[in-house]
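A short worksheet on the structure shown next.
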Amino acid sequence: MAELDLFSMLFVLMLSTFVGFQVIQNVSRLLHTPLMSLTNAISAIAVVGSIIITGEQKDTLSIALGAVAVFASVTNIVSGFLITDRMLKMFKEREPKR
Amino acid sequence: MAELDLFSMLFVLMLSTFVGFQVIQNVSRLLHTPLMSLTNAISAIAVVGSIIITGEQKDTLSIALGAVAVFASVTNIVSGFLITDRMLKMFKEREPKR
Amino acid sequence: MNHSLGDVVTQLSYLLAAALFIFSLRWLNRPNTARRGVIAGVAGMSAAILGTLLHPEIVASGYLWIAGAALVGIAVGIPLSRVPLTAVPQRTAISHAFGGLAAGLVGTAKYMLWLHDGSLTAFRVGVIAIEVILGYLTFTGSLMAAGKLQEVIPTRPITYPGQNYINLGLLGIALVAGIGLMLDPTRSFLFPVIVGLSLLFGVLLIIPIGGADMPTVISLLNSYAGLSAVAMGFVLENKLLITAGALDGASGFILSVIMCRAMNRSFTNVLFGAFGQVQVAAAVGEAKPVKSASAQDAADYLGNASRVVIVPGYGMAVAQAQHRVKEIYEELTKRGVDVKFAIHPVAGRMPGHMNVLLAEAEIPYGALVEMDEINPEMPQTDVTLVVGANDVVNPAARSDKGSPIYGMPIIDADKSRMVLANKRSMNPGFAGIDNALYTADNTLMVFGDAKAVLGDIANALRHESKAAA
Amino acid sequence: MNHSLGDVVTQLSYLLAAALFIFSLRWLNRPNTARRGVIAGVAGMSAAILGTLLHPEIVASGYLWIAGAALVGIAVGIPLSRVPLTAVPQRTAISHAFGGLAAGLVGTAKYMLWLHDGSLTAFRVGVIAIEVILGYLTFTGSLMAAGKLQEVIPTRPITYPGQNYINLGLLGIALVAGIGLMLDPTRSFLFPVIVGLSLLFGVLLIIPIGGADMPTVISLLNSYAGLSAVAMGFVLENKLLITAGALDGASGFILSVIMCRAMNRSFTNVLFGAFGQVQVAAAVGEAKPVKSASAQDAADYLGNASRVVIVPGYGMAVAQAQHRVKEIYEELTKRGVDVKFAIHPVAGRMPGHMNVLLAEAEIPYGALVEMDEINPEMPQTDVTLVVGANDVVNPAARSDKGSPIYGMPIIDADKSRMVLANKRSMNPGFAGIDNALYTADNTLMVFGDAKAVLGDIANALRHESKAAA
Ligand SMILES: NC(=O)c1ccc[n+]([C@@H]2O[C@H](COP(=O)([O-])OP(=O)(O)OC[C@H]3O[C@@H](n4cnc5c(N)ncnc54)[C@H](OP(=O)(O)O)[C@@H]3O)[C@@H](O)[C@H]2O)c1
Ligand SMILES: NC(=O)c1ccc[n+]([C@@H]2O[C@H](COP(=O)([O-])OP(=O)(O)OC[C@H]3O[C@@H](n4cnc5c(N)ncnc54)[C@H](OP(=O)(O)O)[C@@H]3O)[C@@H](O)[C@H]2O)c1
Numbered sequence: 000m001a002e003l004d005l006f007s008m009l010f011v012l013m014l015s016t017f018v019g020f021q022v023i024q025n026v027s028r029l030l031h032t033p034l035m036s037l038t039n040a041i042s043a044i045a046v047v048g049s050i051i052i053t054g055e056q057k058d059t060l061s062i063a064l065g066a067v068a069v070f071a072s073v074t075n076i077v078s079g080f081l082i083t084d085r086m087l088k089m090f091k092e093r094e095p096k097r
Numbered sequence: 000m001a002e003l004d005l006f007s008m009l010f011v012l013m014l015s016t017f018v019g020f021q022v023i024q025n026v027s028r029l030l031h032t033p034l035m036s037l038t039n040a041i042s043a044i045a046v047v048g049s050i051i052i053t054g055e056q057k058d059t060l061s062i063a064l065g066a067v068a069v070f071a072s073v074t075n076i077v078s079g080f081l082i083t084d085r086m087l088k089m090f091k092e093r094e095p096k097r
Numbered sequence: 000m001n002h003s004l005g006d007v008v009t010q011l012s013y014l015l016a017a018a019l020f021i022f023s024l025r026w027l028n029r030p031n032t033a034r035r036g037v038i039a040g041v042a043g044m045s046a047a048i049l050g051t052l053l054h055p056e057i058v059a060s061g062y063l064w065i066a067g068a069a070l071v072g073i074a075v076g077i078p079l080s081r082v083p084l085t086a087v088p089q090r091t092a093i094s095h096a097f098g099g100l101a102a103g104l105v106g107t108a109k110y111m112l113w114l115h116d117g118s119l120t121a122f123r124v125g126v127i128a129i130e131v132i133l134g135y136l137t138f139t140g141s142l143m144a145a146g147k148l149q150e151v152i153p154t155r156p157i158t159y160p161g162q163n164y165i166n167l168g169l170l171g172i173a174l175v176a177g178i179g180l181m182l183d184p185t186r187s188f189l190f191p192v193i194v195g196l197s198l199l200f201g202v203l204l205i206i207p208i209g210g211a212d213m214p215t216v217i218s219l220l221n222s223y224a225g226l227s228a229v230a231m232g233f234v235l236e237n238k239l240l241i242t243a244g245a246l247d248g249a250s251g252f253i254l255s256v257i258m259c260r261a262m263n264r265s266f267t268n269v270l271f272g273a274f275g276q277v278q279v280a281a282a283v284g285e286a287k288p289v290k291s292a293s294a295q296d297a298a299d300y301l302g303n304a305s306r307v308v309i310v311p312g313y314g315m316a317v318a319q320a321q322h323r324v325k326e327i328y329e330e331l332t333k334r335g336v337d338v339k340f341a342i343h344p345v346a347g348r349m350p351g352h353m354n355v356l357l358a359e360a361e362i363p364y365g366a367l368v369e370m371d372e373i374n375p376e377m378p379q380t381d382v383t384l385v386v387g388a389n390d391v392v393n394p395a396a397r398s399d400k401g402s403p404i405y406g407m408p409i410i411d412a413d414k415s416r417m418v419l420a421n422k423r424s425m426n427p428g429f430a431g432i433d434n435a436l437y438t439a440d441n442t443l444m445v446f447g448d449a450k451a452v453l454g455d456i457a458n459a460l461r462h463e464s465k466a467a468a
Numbered sequence: 000m001n002h003s004l005g006d007v008v009t010q011l012s013y014l015l016a017a018a019l020f021i022f023s024l025r026w027l028n029r030p031n032t033a034r035r036g037v038i039a040g041v042a043g044m045s046a047a048i049l050g051t052l053l054h055p056e057i058v059a060s061g062y063l064w065i066a067g068a069a070l071v072g073i074a075v076g077i078p079l080s081r082v083p084l085t086a087v088p089q090r091t092a093i094s095h096a097f098g099g100l101a102a103g104l105v106g107t108a109k110y111m112l113w114l115h116d117g118s119l120t121a122f123r124v125g126v127i128a129i130e131v132i133l134g135y136l137t138f139t140g141s142l143m144a145a146g147k148l149q150e151v152i153p154t155r156p157i158t159y160p161g162q163n164y165i166n167l168g169l170l171g172i173a174l175v176a177g178i179g180l181m182l183d184p185t186r187s188f189l190f191p192v193i194v195g196l197s198l199l200f201g202v203l204l205i206i207p208i209g210g211a212d213m214p215t216v217i218s219l220l221n222s223y224a225g226l227s228a229v230a231m232g233f234v235l236e237n238k239l240l241i242t243a244g245a246l247d248g249a250s251g252f253i254l255s256v257i258m259c260r261a262m263n264r265s266f267t268n269v270l271f272g273a274f275g276q277v278q279v280a281a282a283v284g285e286a287k288p289v290k291s292a293s294a295q296d297a298a299d300y301l302g303n304a305s306r307v308v309i310v311p312g313y314g315m316a317v318a319q320a321q322h323r324v325k326e327i328y329e330e331l332t333k334r335g336v337d338v339k340f341a342i343h344p345v346a347g348r349m350p351g352h353m354n355v356l357l358a359e360a361e362i363p364y365g366a367l368v369e370m371d372e373i374n375p376e377m378p379q380t381d382v383t384l385v386v387g388a389n390d391v392v393n394p395a396a397r398s399d400k401g402s403p404i405y406g407m408p409i410i411d412a413d414k415s416r417m418v419l420a421n422k423r424s425m426n427p428g429f430a431g432i433d434n435a436l437y438t439a440d441n442t443l444m445v446f447g448d449a450k451a452v453l454g455d456i457a458n459a460l461r462h463e464s465k466a467a468a
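Residue numbers (numbering that gives the first Met the number 0), protein chains in the order written: chain S, 0 to 97; chain Y, 0 to 97; chain R, 0 to 468; chain L, 0 to 468.
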């Protein structure tokens, strides 16, 4: 199964890389700081893996490691999205005055 | 296997659509005619399926259908790429004069 | 399941091909990288084909068949790539037809094969149905479109009451049949029904659409062809097909949207609006006197102007007059006249049509100005030379609410100090409607075939400058 | 293998999440759609988490653990999102550390689990090794970076002979250990070796890099964090992780490239150039007389100018002086003075730093001009007000081949008719080098903390206008 799916995964990786480069290149310079914190939050998607490891409750070690991983990821998600929105609020309000 | 891979394929479709829209939107108006013939040639990738059907030589019907499909696809590949290049040559030579 | 080495190579070649196709389209965004794009495309296609030929299931005799079919394809493809630029829309339509055909045939073959070895699942039947429906309707639809563009089929829309319901009904039946087949894949009698209905639907879909809308329809069929390739990808579980198909689908879709916008029309209006019916009705307009001029006069007006705008249209393409246009352009620039070309997004018969023609005539594309940029300059323009353009300079689009092209953005030729309009007659353009520009007070018609007339103008200019020298 | 319903829902939620993440970044391209981007991001994350919680393998007690850990995460995350904007780089570094840690821990856990139930394949070990190496080196590396930015660790680069060889050697050993483990997954003693080396490598990687390069390094670590997420995706065969990781990786890479370009440096120079060593050496320059002025004088000069350009830098961020800047901006515009802000791509400590601060102070971003557009206007500028900017206005970058920032494009403040420079002392900026601008003949220094000094200038302007009224 791993090998079987390998090429699908490589395909997804290749396409995602293209999407990533195109999307990021279009982000206005004005917003590069929010961009950093937003991608931050998005890459905390590692939470998915952490949840499964913790949830399976296979053995103490994996539970411990998983729980820490969940904590770390959730921290990134929460702080990442909140701070991005906090920064963007400032820009948002400027729009009309532009 | 079909079901198993279904989601990989949906993923690939989703990502490819994003790539497609982003890439095409960046094509200069100047080149919309060559664009039509180039995508034409690329979509003749159906040749892959046709080759397999024909090559397997399972039964007369599939051989016949496959062969016609190969013919049709190859026609598109050849004419598509050739005419695109023919058109682009004209632009290419203009570049310096710009 | 482990991969054999050959299999791994195949998969990698597909991955490479997909990446190359994306680069190919990326590089097409600027003229100076565009040809690299073609190279990438060819490389990608080669990688895909070589990778496929490695497929273990392919038997010796198979290679012969493949080679044979490929050779015929090459033999047909090369001449098809040599068509004059005016025939490009037809060629495009035909190749969509071929694309759809290939998808349909592969789907059919797959269904038969899986039916026999009993490996049909509901999922497989479902995606095959989609592939086949899209493939065959693209096939017949594109043939019809090509016929209308080549004018071997009457370009006028043919309509009858309840038409749209009948068409949608047919499509509905095909879909129902597809679902029936999914529920029980062995109901093989349903398959021919699906095929037949799709072929028929493709024809009926185009019949009510006027010739002027064919380019838009072609682009739409382009995206259908792409989608059928995507469906084939799902059938064969091949991700390269999905990616390439999606790229094609996106391109077709975007181009048709651009055209609709430029004509201020909606998709539904294009597909079901039976645009172009009004032809007869409109053609019968009251006849306002027409002032016409000789090529010599035209040359004088142009020669003495300081600002000239040339508006090329479909007529220049038909007459292959772009090289004469170039001569005029050079003569005038020699005399220090400022000459610009006003390019309307839907001038001609396909997106970017005029750009290709003028590029062929080696006119530097710095001189080509898009509609939105040139319009503000029109009032300061001394002479506007309209070469076989009609609808794209028809003031009715601005003023006459009743006109079928009302709201379509146009090039404001009528606002320039003087207009020289070249066409062969007072016949309408593709939209089939009269054009008040030709009877306007500041307009002089220069009748005749664009190639001949512009040739004369160019010569006249040349002699004058000789005389002057 | 057939999917259970729950499984299908999970997969669909992942598909949706991936699409939403892409939209999220697409909408970030313009300020007026940017907040929609955040909403899409949150929606995507929620979809992904809910989909994951449906996972059949998760047992009841598991949910408790997850909830507990999540609550702690929320408790820590909220304060972390409230940090002052000047601390954003540190916060970013810390969250990269967390991201790397999560990836490393998941990889470790997976290895252990698969080791016990004997389902380790060479492929799995390979991707786990990559995930773990990237994860842990990002973890320690980012912590080091955060420390240097917070200046709890000496920002000066620490170097010793053969440093780069030692570092690369360590990484090499880790990789070899990884390969050894692939060949025989049961050699479990190799795993701790890999982990340890990665952690150590992260530290040693940052030690020789100066504080001024930390922002670049952070962005680079950003893309490492993304890549480790990608690797995790390969381990867990989860395509959402691959997509999200790739997006993150691309963003980090592009931002660091932009910064390197704006500093005219190469990646290798940033990573191994030990930039910032020269600090002491350079600081000892011959002392040219410095002319300084009071806030009152500065206010007079500004008030009587007709064209003013304000160049903000890191100092404005440290002093939180953006609101005072706003006051000056308003006072001057009231008097009809034309005020523009010159934004250098690497002014401050992260890309877009100045834009955020000025936006916070509600300065319309129409007034912000990028370096390349403003430079041609500098010679026609009456007064340039430099607020805590140093390196980005250091003429040495243009003239002095020996300078470490030579070739870095700068804002040509020195070309304006007069320069008012505010900073607290003659100390160098982050690059640690002297700045001839401050000793130039057309420059007046206005010493003091930016917030205080600009406050005084704003008040002085206010009183004058009162007096005038
Ligand atoms: N470009 C696209 O992508 C696209 C897509 C969809 C629809 N369309 C439609 O196509 C039309 C394009 O407008 P257009 O102004 O370029 O063309 P047009 O409106 O079709 O007018 C072309 C004119 O050229 C004249 N002509 C034909 N052959 C000629 C020759 N040999 N020498 C001189 N003149 C000749 C014709 O008049 P005579 O017969 O009197 O000579 C005709 O009036 C629009 O209606 C547009 O909506 C274009
Ligand atoms: N933005 C990025 O993405 C990025 C990335 C990598 C590197 N960097 C580097 O960061 C530097 C940015 O240049 P920059 O000109 O913005 O900043 P800078 O060169 O670091 O200079 C900042 C100046 O502000 C002054 N200052 C500090 N606190 C102050 C206060 N409270 N009030 C008034 N002045 C104060 C300091 O002088 P005193 O101590 O005398 O007050 C210092 O000279 C460049 O070297 C750039 O390469 C930036």
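The beta-carbon is built from N, C-alpha and C at its ideal position, and this holds for glycine as well. All values derive from a computational prediction rather than experimental measurement.
When only Cα atoms are considered, R:Ser23 and R:Val216 end up about 25 Å apart. In the DSSP secondary-structure assignment, R:Lys422 is bridged to R:Phe446. Per the coordinates, the alpha-carbon of R:Glu150 lies some 55 Å from the alpha-carbon of L:Glu236.
Burial state of S:Ile82 is buried, judged by a 10 Å Cβ sphere holding 16 or more other Cβ atoms. R:Lys339 sits in a strand when the DSSP states are folded into three classes. By DSSP's assignment, R:Glu463 forms no beta bridge with any residue. Between L:Ala108 and S:Val69, the C-beta gap is not smaller than 7 Å, which leaves the two residues out of contact. Contact check for Y:Phe20 against R:Ala249 passes: the beta carbons are separated by less than 7 Å. For R:Phe190 and R:Gly177, the gap between their C-alpha atoms comes out near 8 Å. Shortest Cα-Cα distance from L:Met262 to any of L:Ala292, L:Leu52, L:Ser402, L:Ala467 involves L:Ser402.
With its beta carbon at least 7 Å from every one in chain R, S:Phe20 lies outside the interface.
In the displayed model, R:Arg306 falls within a strand according to three-state DSSP.
L:Ser415 is positioned such that its CB atom lies closer than 7 Å to that of L:Met377. Residue contact check for L:Val151 against chain S: no CB pair falls below 7 Å.
Just measuring C-alpha positions, the residue of L:Tyr13, L:Leu169, L:Val355, L:Ile152 sitting nearest L:Pro83 is L:Val355. When DSSP states are grouped into helix, strand and coil, Y:Met13 belongs to the helix group. Spanning the alpha carbons of L:Ile127 and L:Met181 requires a straight line of approximately 10 Å. Pairing R:Gly179 with R:Pro55, the inter-Cα distance amounts to about 34 Å. Taking C-beta separations shorter than 6 Å and ignoring five residues to either side along the sequence, the partners of R:Ala298 in its chain run Ile456, Ala459, Leu460, following chain order. Interface annotation for the stretch 66 to 83 of chain Y against chain R: Ala66, Val67, Ala68, Val69, Phe70, Ala71, Ser72, Val73, Thr74, Asn75, Ile76, Val77, Ser78, Gly79, Phe80, Leu81, Ile82, Thr83, criterion Cβ-Cβ distance under 7 Å. Put simply, the backbone Cα of R:Gly106 is about 35 Å away from that of L:Ala243.
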